[in-house]
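Beneath this line is the structure, given in structure tokens, with notes to follow.
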Amino acid sequence: MRRALFAAALAAAAAGFVALFFFLGRPPSGPVEPAWDRTTCSHCRMHLSEPAFAAQLQSESGELLFFDDPGCLFAWRGEHDDPGRVFFRLAGDGGWREEREVAFVPVGESPMGWGLAAVAAGTPGAIPPAEAARRVLERSRSADEPAHGGASR
4 MRRALFAAAL AAAAAGFVAL FFFLGRPPSG PVEPAWDRTT CSHCRMHLSE
54 PAFAAQLQSE SGELLFFDDP GCLFAWRGEH DDPGRVFFRL AGDGGWREER
104 EVAFVPVGES PMGWGLAAVA AGTPGAIPPA EAARRVLERS RSADEPAHGG
154 ASR
């Protein structure tokens, strides 16, 4: 009887460890809040300090990458082949939205000078993510442009 109880407890513990490792290894199901002023941008290595411009990429391999400026995310994607799930912080309400739910408007200043802020898709005058990415990549490849968009601060 005691052996049967011990075997059952051991099996339950083993199942618990398997479940724990399964759930810990899964990528997040939605956006993750970075440690502001401590997490660094995966492209330019500056600290994320302005939430209104933050972006994140959850790679298909499970890696979580943060960016301090939408342009940094677009520039990073121009150099890497990992589509993953992308989230941007909206400039207005500060909530996270998936890439398909946002568009971009020009702003005078952004953390790394790319001059883009995410807004809700459908906002008048906003450009879609593909166009914003094209503009960033065009600027980043220009001989006259600094490596990170020409920081405006």
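Counting from 4, one number per residue, gives the positions in the sequence shown under this note's numbering. Each residue gets a CB set at the ideal place from its N, CA and C atoms; glycine is no exception.
| said: Please return the same chain residues whose Cβ sits closer than 7 Å to the Cβ of C44, not counting the five positions on each side in sequence. | reply: Working through the sequence shown from its first residue, we reach residue 44 at position 41. The beta carbon of C44 sits closer than 7 Å to the beta carbons of L51, F69, F70, D71, C75 from its chain, once the five residues preceding and following it are set aside; these are given in chain order.
| task | Could you please give the first and the last residue of the uninterrupted alpha helix (DSSP H) stretch that includes V139? | result | Within the sequence shown, numbered from 1, the residue matching residue 139 stands at position 136. Counting along the chain, the alpha helix (DSSP H) containing V139 begins and ends at 132 to 144.
| task | Could you name the residues of the same chain whose beta carbon sits closer than 8 Å to that of E104, not counting the 5 residues immediately before and after it, in chain order? | result | Here residue 104 corresponds to residue number 101 of the sequence shown, with the count starting at 1. Counting only Cβ-Cβ distances below 8 Å, and skipping sequence neighbours, we find A123, A124.
| Span of the beta strand (DSSP E), counted from its first residue to its last, around L68 | Taking the first residue of the sequence shown as 1, we reach residue 68 at position 65. Here the beta strand (DSSP E) through L68 covers 67 to 70.
| query | What distance in whole Å lies between the Cβ atoms of G118 and A55, which are believed to be in contact at a cut-off of 8 Å? | reply | Residue 55 sits at position 52 when you count from the first residue of the sequence shown. Residue 118 sits at position 115 when you count from the first residue of the sequence shown. G118 and A55 do not touch by the CB rule: their CB atoms are close to 13 Å apart, not below 8 Å.
| query | How many Å lie between L140 and E66 at the Cα? | reply | The residue you call residue 140 lines up with position 137 of the sequence shown. The residue you call residue 66 lines up with position 63 of the sequence shown. Note on geometry: alpha-carbon atoms of L140 and E66 lie some 23 Å from one another.
| task | Just the C-alpha distance for V63 and A136, rounded to the nearest angstrom, thanks. | result | Numbered from its first residue, the sequence shown carries residue 63 at position 60. Numbered from its first residue, the sequence shown carries residue 136 at position 133. Rather than Val, the amino acid found at residue 63 in this sequence is Glu. E63 and A136: Cα-Cα distance of roughly 20 Å.
| request: Counting only the same chain and skipping the five closest in sequence on each side, list residues whose C-beta sits under 6 Å from that of G81. | output: Here the question's residue 81 lines up with position 78 in the sequence shown. Once the five neighbours on either side are set aside, the close Cβ partners of G81 are L140.
| Reference W39; option with closest CA among S32, R48, E53 | To locate residue 39, count along the sequence shown from 1; it is residue 36. In terms of CA proximity to W39, E53 leads the group S32, R48, E53.
| task | Could you tell me which residues DSSP puts in a beta bridge with F90? | result | By one-based count along the sequence shown, residue 90 stands at place 87. Among the bridge pairs identified by DSSP, F90 is matched with Q59, E101.
| Length of the line joining the Cα atoms of R48 and P109 | Within the sequence shown, residue 48 is the residue found at index 45, counting from 1. Within the sequence shown, residue 109 is the residue found at index 106, counting from 1. Straight-line Cα distance between these residues: approximately 23 Å.
| Which listed residue (P31, E112, A57, R138) has its alpha carbon closest to that of L93 | The residue you call residue 93 lines up with position 90 of the sequence shown. Considering only alpha carbons, the answer is A57.
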